[in-house]
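Number of protein chains: 2
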Amino acid sequence: MDDSLRASEREDAALARLERLAANRVAIEAVSPEIDAGRFAAKAVIGERFTVEADIFADGHDKIDAALLTRPKGSKAWIETPMRPLVNDRWRGATVFGTLGDWEYTLIAWRDEWASWLDEAAKKRNAGVAIDLELIEARALLVRARDEGAQVSTEDRAAFDALLVELDAAETADERYGLAASDATAALVRRAAFRTNLSAYERVVPVWVDRERALFSAWYELFPRSMSFSTKQHGTFEDVIERLGYVEGLGFDVLYFPPIHPIGRTNRKGRNNTLTPGPTDPGSPYAIGSEEGGHDAIHPELGDFESFRKLVKAAKAHGLEVAIDFAIQCSPDHPWIKEHPEWFDWRPDGTIKFAENPPKKYEDIVNVHFYRGAKPALWVKLRDIVLFWVEQGVTIFRVDNPHTKPLPFWEWMIAEVRERCPEAIFLAEAFTRPKMMKRLAKVGFNQSYSYFTWRNTKHELTEYMTELTSGDMPAVMRPNFFVNTPDINPRYLQAGGRPAHRVRLVLAASLSTSYGVYNGYEICDATPVPGKEEYLDSEKYQLRVWDFDKQGHIKTDIRFVNRIRQEHPALRQFANLEFFNASNDQILYYGKYTDDLSNFVLFAVNLDPHEAQGAEIEIPLWKFGLPDDAGIDAHDLVTGADFRWQGKVQSVWLTPEDRPYAAWALKHPASAEMRL
Amino acid sequence: MDDSLRASEREDAALARLERLAANRVAIEAVSPEIDAGRFAAKAVIGERFTVEADIFADGHDKIDAALLTRPKGSKAWIETPMRPLVNDRWRGATVFGTLGDWEYTLIAWRDEWASWLDEAAKKRNAGVAIDLELIEARALLVRARDEGAQVSTEDRAAFDALLVELDAAETADERYGLAASDATAALVRRAAFRTNLSAYERVVPVWVDRERALFSAWYELFPRSMSFSTKQHGTFEDVIERLGYVEGLGFDVLYFPPIHPIGRTNRKGRNNTLTPGPTDPGSPYAIGSEEGGHDAIHPELGDFESFRKLVKAAKAHGLEVAIDFAIQCSPDHPWIKEHPEWFDWRPDGTIKFAENPPKKYEDIVNVHFYRGAKPALWVKLRDIVLFWVEQGVTIFRVDNPHTKPLPFWEWMIAEVRERCPEAIFLAEAFTRPKMMKRLAKVGFNQSYSYFTWRNTKHELTEYMTELTSGDMPAVMRPNFFVNTPDINPRYLQAGGRPAHRVRLVLAASLSTSYGVYNGYEICDATPVPGKEEYLDSEKYQLRVWDFDKQGHIKTDIRFVNRIRQEHPALRQFANLEFFNASNDQILYYGKYTDDLSNFVLFAVNLDPHEAQGAEIEIPLWKFGLPDDAGIDAHDLVTGADFRWQGKVQSVWLTPEDRPYAAWALKHPASAEMRL
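Rendered as structure tokens:
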């Protein structure tokens with residue numbers, strides 16, 4: 000090839016690149032939510048407002064406009080929603096997804112020549128400058144809008160023509176300006192989609208749309224085997240059916256069981272995690288698998304598949320969904336060890352190493368590995384086990400220690416299950432390093448255990464909630480705030496007794512949209528293994544007999560929080576949390592409110608379970624556009640009293656026994672200008 | 000297709016996806032610097048350390064390792080650099096680019112089975128547990144490293160074999176452990192690249208490597224036409240040649256001229272931006288184009304191309320690079336208006352709208368547009384004009400108002416020029432909204448004017464510098480801190496006189512790696528148009544006669560800052576800025592230091608040009624691992640005195656006239672442990 004030919008080819012490539020770049024004159028960047036440049040889906044909930052923001056701007060001083068485009072994945076047609084500018088070149092649009100599953104969105108923006116014309120003409124006219132030239136330019140623009148607009152209907156084409164005739168017939172500049180600047184003309188041009196330099200965001204962003212329970216849920220955890228209320232008799236699914244009314248009465252909507260599979264005998268644990276079980280000790284349900292079967296079997300003493308399906312159905316009738324535990328681990332007696340030795344890491348002496356989650360040791364458990372001989376067969380098997388339980392009516396899975404299994408496995412398995420069952424919900428029980436916790440949420444977990452259990456002070460809670468509710472985080476990770484678990488008996492509860500239990504309950508149920516309690520919490524059971532954050536006589540290793548009517552129970556509080564969660568739409572959203580000023584470090588004071596402020600709930604919680612605390616608190620009058628000395632009607636959610644706060648600064652007094660927390664709903668002053 | 004076939008195809012697709020996902024078991028995310036997911040190149044400088052960070056982690060508790068891969072774009076082979084863990088799953092690697100132009104990088108990570116073995120075996124051994132099984136496993140791992148390692152040389156294969164023989168021959172567990180745990184074995188395994196679950200980051204990240212001047216430069220701006228030092232005689236390039244020694248003597252390295260093209264006559268501006276020029280008024284050089292030519296011509300009164308090239312050459316001999324102005328705008332007399340009417344927006348009355356940059360009006364200027372009839376011809380023409388000046392020896396371009404021209408044009412044009420001339424440097428003069436300023440840097444501008452000119456207080460400067468030096472920002476935007484420009488006579492300088500000029504000079508030259516002054520600054524010329532931030536008798540509209548030896552000049556300060564910038568490597572880096580505590584809001588106290596702390600410069604600047612101010616300052620002894628009561632040797636850069644500070648808290652006293660700023664170099668206490 001000679002040089003001139005080479006030069007000409009180079010120039011052709013340069014010109015092609017020029018056209019590619021020129022096609023996007025308006026910059027669209029910093030799009031949110033977008034998880035790792037679209038590597039992972041942002042999370043949304045069906046029927047809920049989904050807000051997208053981006054920085055959108057172009058050269059010069061012309062007006063621009065922008066729109067959000069959404070569609071179910073696989074669909075060709077986009078649904079368009081207008082965006083509006085906030086400040087500092089930030090734009091926002093919101094949509095609502097109507098179906099479960101994979102969706103996607105992108106953004107478009109363009110120079111709005113008509114809006115620029117209107118702006119400049121109005122300015123000149125207001126300044127008394129003649130706008131004859133501008134009016135001629137307006138006519139030319141209208142012709143272009145008619146001819147170049149992307150969506151000009153036959154009717155609108157006629158309307159353009161009629162408008163041009165009117166303009167030409169008008170006798171004065173004022174008359175022409177009146178026609179050009181009318182709302183009708185603006186609407187006509189907008190409908191025409193006359194979009195100069197129409198530019199598109201460079202990526203299509205994936206969104207996963209869940210059902211509402213993925214975001215909003217109240218979990219109650221129990222061990223079915225204790226539901227006989229006798230240490231002599233192993234509880235059954237039938238016994239659990241008897242308890243459904245109780246759990247429903249407390250106001251929960253998810254009923255979660257630790258593993259219900261056959262329990263191994265080898266290295267079975269005794270009471271209080273000892274290595275010397277008695278002959279009747281039932282063992283830890285996490286030591287899954289025996290000669291009776293593995294992950295797709297039921298522990299015979301609990302019942303059979305028929306009774307399990309009956310339980311699932313009965314629960315549904317009580318407004319409860321059954322969640323089961325997905326714990327990928329095996330007792331040394333699990334059938335897989337013989338059937339699939341290639342799924343395990345054998346040591347040179349023919350043993351398999353038992354599980355550890357330092358400092359915890361699980362002598363009764365061995366782990367599968369996921370690569371080498373185990374890929375893909377084990378991955379497929381595990382997916383099929385989940386799908387098997389879906390067939391039994393279960394669509395909520397609490398996943399044990401997902402951070403010790405490969406991330407790609409979760410990404411693959413969860414997508415596979417959702418493809419067949421978009422209602423499926425996976426809760427990640429990963430108490431580990433923050434980036435791993437977040438990544439598990441990215442790869443598909445719908446809910447996540449959190450650090451809430453160890454965030455007790457005002458500073459800790461404020462900082463943690465700010466992290467969880469800021470930026471893209473709410474589109475990634477939905478925390479489920481468990482106040483306790485069979486494994487975690489927090490020191491705050493051990494030390495703080497009944498007031499502490501009430502405080503943490505209200506915090507969990509209001510700070511997060513999903514929360515959970517493990518049974519015994521309602522009677523403030525917090526006796527620890529001395530010096531440890533564990534329960535004494537843990538149900539993990541023995542049957543327990545509970546007296547849920549025990550004096551000092553806090554069932555009234557539980558019913559209260561679950562009721563207000565149902566009644567107040569603001570409590571069904573996660574990122575709408577805002578902390579307000581309270582003049583005492585022991586009082587956490589915050590609000591949650593809907594976009595239109597029609598629902599606005601305030602909480603003041605005394606974090607000190609030992610002493611009464613008072614504070615001046617600021618009633619957020621400014622949110623309603625009210626001055627500091629205005630009054631606002633409020634409703635005490637605890638007492639049911641209606642009252643009126645006069646002025647921004649009010650005081651609150653909270654006592655550990657009588658009033659550890661307060662909750663109010665503000666009534667929107669209809670006359671006030673709304674400030675969103 | 001029947002159902003079973005469809006199911007089988009679906010399963011095949013699922014298995015293929017499984018393998019794709021499984022290939023990246025180790026998570027690599029939050030990679031930095033990566034600009035908009037690699038949409039734009041990160042900026043680097045040849046020969047300078049380039050640091051990459053990422054979150055890297057995997058499931059479980061095994062050891063992992065990671066490496067940074069770099070290569071010139073178009074090359075096949077990667078250059079590998081090890082990464083090391085910081086805290087919280089954050090990893091860091093650093094490299095140095097050896098050539099100008101396009102580079103790219105990516106990251107790899109893997110499970111390090113040998114390191115995991117070493118860790119566990121050592122722990123058990125230290126705990127007195129027998130490790131016989133572990134030693135058998137070690138042998139198996141070494142065989143795998145030999146056979147599966149990606150880079151086993153013939154020599155290393157022999158070394159593996161010899162090691163295995165030794166292990167088998169060893170008589171005690173201690174002996175075997177000694178062999179396995181030796182540094183030599185670790186090095187052998189590392190060389191073998193025995194990398195389990197080798198995972199790659201999902202993107203290749205582009206990097207643009209500039210020459211150092213793009214980052215580190217000191218600009219001096221003058222109007223060549225004033226260099227005759229007579230209002231009666233238009234200055235010439237020959238006159239400028241006479242001044243080169245002066246500018247070199249001050250220590251600058253870039254000599255920048257406003258436009259040097261023919262100036263239009265129509266609507267020519269008179270003195271002080273009036274619309275009534277006298278017959279000899281030269282007009283604004285920004286009104287480019289007359290019958291003598293346009294952007295590829297030279298204003299005849301300045302000289303011709305020969306004298307221009309002579310100037311460029313002479314400047315180089317003085318260590319100065321000539322930068323010219325690239326101002327895409329036309330006087331109404333520009334040849335393009337007749338030759339290319341399709342590049343302009345004509346109004347219905349046959350006129351072209353004059354330029355505005357609200358509130359400023361430029362009646363002597365009309366703008367081209369870039370789309371419709373102007374694309375691609377104008378784009379190509381403008382690129383060729385820049386290349387034309389490159390041929391004249393110019394490789395630095397200060398670009399006037401880039402934010403009023405389309406972003407895609409800059410992205411295309413700058414890439415085109417760099418492809419042919421990777422030395423080219425473009426400085427964006429965009430005083431506009433922050434996101435536009437940043438985007439201009441993203442699309443390719445090597446340097447950017449900044450808000451520095453309007454950041455005066457300690458709070459303002461600290462906040463702004465933190466923004467500029469944090470996260471990916473330094474890999475995007477390199478600010479050039481102009482203390483003044485022909486258009487900007489800052490109020491702080493107007494009010495603060497000589498001390499203010501000295502203060503702002505030191506701040507600009509030390510806070511940023513690039514800074515600039517417009518002539519007259521050295522004699523503290525700050526007479527404003529009353530009430531405005533503009534210079535009276537602006538050189539933009541008239542010739543000026545300067546007396547650069549005028550009493551009160553600050554040339555000593557200028558020479559000082561330019562000298563220490565050359566002498567101290569820490570001042571050649573941008574993001575290495577750190578603010579330290581000074582107990583007075585009028586005293587800004589900060590340091591810059593190299594990674595190895597071998598160069599550590601401290602500045603204390605009195606921001607108050609009217610009153611003396613004192614403060615207690617903290618000498619950053621902790622950086623060197625020294626206790627608070629330690630001593631450290633220091634050198635006063637202003638006085639040349641050597642002294643010793645004893646203890647962390649010291650005091651400083653700064654007076655507007657005698658000592659508006661202090662600058663010290665700390666001497667690395669060789670005996671101290673380094674803390675980076």
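Just so you know, the protein sequences line up as chains B and Y, in that order. FYI, the numbering for the first sequence is 0 to 675, going by numbering that gives the first Met the number 0. FYI, the numbering for the second sequence is 0 to 675, going by numbering that gives the first Met the number 0. Every residue, glycine too, gets a C-beta built ideally from N, C-alpha and C.
- The beta strand (DSSP E) spanning Y/K591 covers which residue range? Position 592 of the second sequence, counted from the first residue, corresponds to residue 591 of chain Y. Its beta strand (DSSP E) spans residues 586-592.
- Look up Y/Q645 in the DSSP assignment and give the residues it is bridged to. Taking the first residue of the second sequence as position 1, residue 645 of chain Y is located at position 646. Answer is Y/G630.
- To the nearest whole angstrom, what separates the beta carbons of Y/I631 and Y/L625, a pair I think is in contact under 8 Å? Within the second sequence, residue 631 of chain Y is the residue found at index 632, counting from 1. Within the second sequence, residue 625 of chain Y is the residue found at index 626, counting from 1. Right, their Cβ atoms sit about 7 Å apart.
- Per-residue burial, B/Q612 [other beta carbons within 10 Å of its own, 16 or more giving buried]: Counting from one through the first sequence, the residue named residue 612 of chain B turns up at place 613. Under this definition B/Q612 is a buried residue.
- Query: Three or more C-beta pairs closer than 8 Å, one from the stretch 197-208 of chain B and one from the stretch 224-239 of chain B: is that the case here?
  - Reply: no
- Task: Could you check which residue in Y/D209, Y/D486, Y/I336 has the C-alpha nearest to that of Y/V95?
- Result: Here residue 95 of chain Y refers to the residue found at position 96 of the second sequence. For the residues Y/D209, Y/D486, Y/I336, the minimum Cα distance to Y/V95 belongs to Y/D209.
- Own chain partners of B/N479 with C-beta closer than 8 Å, once the 5 adjacent residues on each side are dropped: By 1-based counting over the first sequence, the position of residue 479 of chain B is 480. Answer for B/N479: S216, W218, L426, Q446, S447, Y448, S449, S511, S513, Y514, G515, listed in chain order.
- Item | Residues that DSSP places opposite Y/Q612 in a beta bridge | For the purposes of this step, residue 612 of chain Y is taken as the residue at position 613 of the second sequence. Beta-bridge pairing links Y/Q612 to Y/L653.
- Task: Could you run through the stretch 401-422 of chain B and flag, in chain order, every residue whose CB is less than 7 Å away from some CB of chain Y?
- Result: H402, T403, K404, P405, L406, P407, E410, W411, E415
- Task: Starting from B/E52, trace the beta strand (DSSP E) both ways and give me its first and last residue.
- Result: In the first sequence, counting from the first residue as 1, residue 52 of chain B sits at position 53. Segment 48-56, the beta strand (DSSP E) holding B/E52.
- Backbone secondary structure at Y/T456 - three-state DSSP: Here residue 456 of chain Y refers to the residue found at position 457 when the second sequence is read from its first residue. Coil at Y/T456, not helix or strand.
- Task: Give the single residue among B/E174, B/A192, B/G519, B/N598 whose Cα lies nearest to the Cα of B/L141.
- Result: Numbered from its first residue, the first sequence carries residue 141 of chain B at position 142. When only C-alpha atoms are compared, the closest one is B/A192.
- Task: Would you mind giving the Cβ-Cβ distance between B/Y660 and B/R419, rounded to the nearest angstrom? I have them listed as a contact below 8 Å.
- Result: On the first sequence, position 661 is the one that residue 660 of chain B refers to. On the first sequence, position 420 is the one that residue 419 of chain B refers to. With 8 Å as the limit, B/Y660 and B/R419 do not qualify as a contact, their Cβ atoms being about 43 Å apart.
- In whole angstroms, what is the alpha-carbon distance linking B/A126 and Y/I413? Residue numbering aside, residue 126 of chain B sits at position 127 when the first sequence is read from its first letter. Residue numbering aside, residue 413 of chain Y sits at position 414 when the second sequence is read from its first letter. If you take the alpha carbons of B/A126 and Y/I413, they lie about 41 Å apart.
- Taking Y/N196 as the query, report the chain B residues whose CB atoms sit under 9 Å from its CB, ordered along the chain. Residue mapping note: residue 196 of chain Y aligns to position 197 of the second sequence, counting from 1. Correct list: Y370, P405.
- Using 9 Å as the limit for Cβ to Cβ distance, is Y/W378 near chain B? Here residue 378 of chain Y corresponds to residue number 379 of the second sequence, with the count starting at 1. Closer than 9 Å to some Cβ of chain B, the Cβ of Y/W378 qualifies, so yes.
- What does B/N125 touch in chain Y if you count any residue whose Cβ is under 8 Å from its own? Numbered from 1 along the first sequence, position 126 holds the residue referred to as residue 125 of chain B. Those within 8 Å of B/N125 in chain Y number zero; the least Cβ separation is about 15 Å.
- Query: Which two residues bound the contiguous alpha helix (DSSP H) that contains Y/A186?
  - Reply: Within the second sequence, numbered from 1, the residue matching residue 186 of chain Y stands at position 187. Y/A186 -> alpha helix (DSSP H) spans 182-191.
- Identify the residues that DSSP records as bridge partners of B/S289: which are they? If you number the first sequence from 1, residue 289 of chain B lands on position 290. B/G292.
- 7 Å Cβ cut-off: residues of chain B touching Y/P677: No information on residue 677 of chain Y is available, as it lies outside the stretch 0 to 675 that chain Y covers here.
- Query: If you draw a straight line from the C-alpha of B/R16 to the C-alpha of Y/N483, how long is it?
  - Reply: Translated into positions along the first sequence, residue 16 of chain B becomes position 17. Translated into positions along the second sequence, residue 483 of chain Y becomes position 484. Near 38 Å, if we compare the C-alpha coordinates of Y/N483 and B/R16.
- Quick one: which residues of the stretch 332-352 of chain B get their C-beta closer than 9 Å to a C-beta of chain Y? List them in chain order. R346, P347, D348, T350
- Query: Is the beta carbon of B/P331 less than 9 Å from the beta carbon of B/G263?
  - Reply: Working through the first sequence from its first residue, we reach residue 331 of chain B at position 332. Working through the first sequence from its first residue, we reach residue 263 of chain B at position 264. Contact flag set, yes.
- Message: Taking its Cβ as the centre, do 16 or more other Cβ atoms sit within 10 Å of B/P433, making it buried, or is it exposed?
- Response: Residue mapping note: residue 433 of chain B aligns to position 434 of the first sequence, counting from 1. Exposed is the call here.
- Task: Kindly list the residues whose CB is nearer than 7 Å to the CB of B/E672, restricted to its own chain and excluding five residues on each side of it in sequence; keep chain order.
- Result: Indexing the first sequence from 1 puts residue 672 of chain B at position 673. Since pLDDT at B/E672 reaches only 47, below the 50 mark, its modelled position is unreliable, and the value read off the structure follows with that caveat. Excluding positions up to five away in sequence, the list reads G624.
- Query: Of all the options Y/P281, Y/Q541, Y/T555, which has the alpha carbon lying nearest to the alpha carbon of Y/C523?
  - Reply: Mapped onto the second sequence, residue 523 of chain Y falls at position 524. Ranking the options by Cα distance to Y/C523, first place goes to Y/T555.
- Item | Burial state of Y/A494, where buried means 16 or more other Cβ atoms lie within 10 Å | Translated into the one-based positions of the second sequence, residue 494 of chain Y becomes position 495. Y/A494 comes out exposed.
- Task: Would you identify the three-state DSSP class for Y/P407, choosing helix, strand or coil?
- Result: Within the second sequence, the letter at position 408 stands for residue 407 of chain Y. Looking at Y/P407 - three-state DSSP - the assignment turns out to be helix.
- Message: So the candidates are Y/P527, Y/E290, Y/R138, Y/W411; which of them puts its Cα closest to the Cα of B/D346?
- Response: On the first sequence, residue 346 of chain B is found 347 positions in, with the first residue counted as 1. Note on identity: in this sequence residue 346 of chain B is Arg, with Asp being the wrong assignment. When only C-alpha atoms are compared, the closest one is Y/R138.
- Message: Pairs of beta-carbons, one from the stretch 296-314 of chain B and one from the stretch 556-565 of chain B, closer than 8 Å: are there three or more?
- Response: no
- Message: Looking at chain B, is there any beta carbon in it that lies within less than 9 Å of the beta carbon of Y/F56?
- Response: For the purposes of this step, residue 56 of chain Y is identified with residue 57 of the second sequence, where counting begins at 1. Yes, its Cβ sits closer than 9 Å to a Cβ of chain B.
- Message: Against chain B, does Y/A179 count as a neighbour if the rule is that its beta carbon must be under 9 Å from one of theirs?
- Response: Taking the second sequence and counting its residues from 1, one reaches residue 179 of chain Y at position 180. So no, Y/A179 is outside the interface.
- Query: For Y/N605, does the three-state DSSP call read helix, strand or coil?
  - Reply: Residue 605 of chain Y sits at position 606 when you count from the first residue of the second sequence. Strand, per DSSP.
- Message: Could you pull the DSSP bridge partners for B/I424 from this structure?
- Response: On the first sequence, residue 424 of chain B is found 425 positions in, with the first residue counted as 1. In the DSSP output, where bridge partners are listed per residue, B/I424 has B/I395.
- Option nearest B/S31 by Cα separation, candidates B/R24, B/F49, B/V44, B/A22: For this step, residue 31 of chain B is matched to residue 32 along the first sequence. Taking only the C-alpha atoms, the option nearest B/S31 is B/F49.
- Per-residue DSSP class, three states only, for Y/Q150: The residue labelled residue 150 of chain Y in the question sits at position 151 within the second sequence. Here Y/Q150 sits in coil by DSSP.
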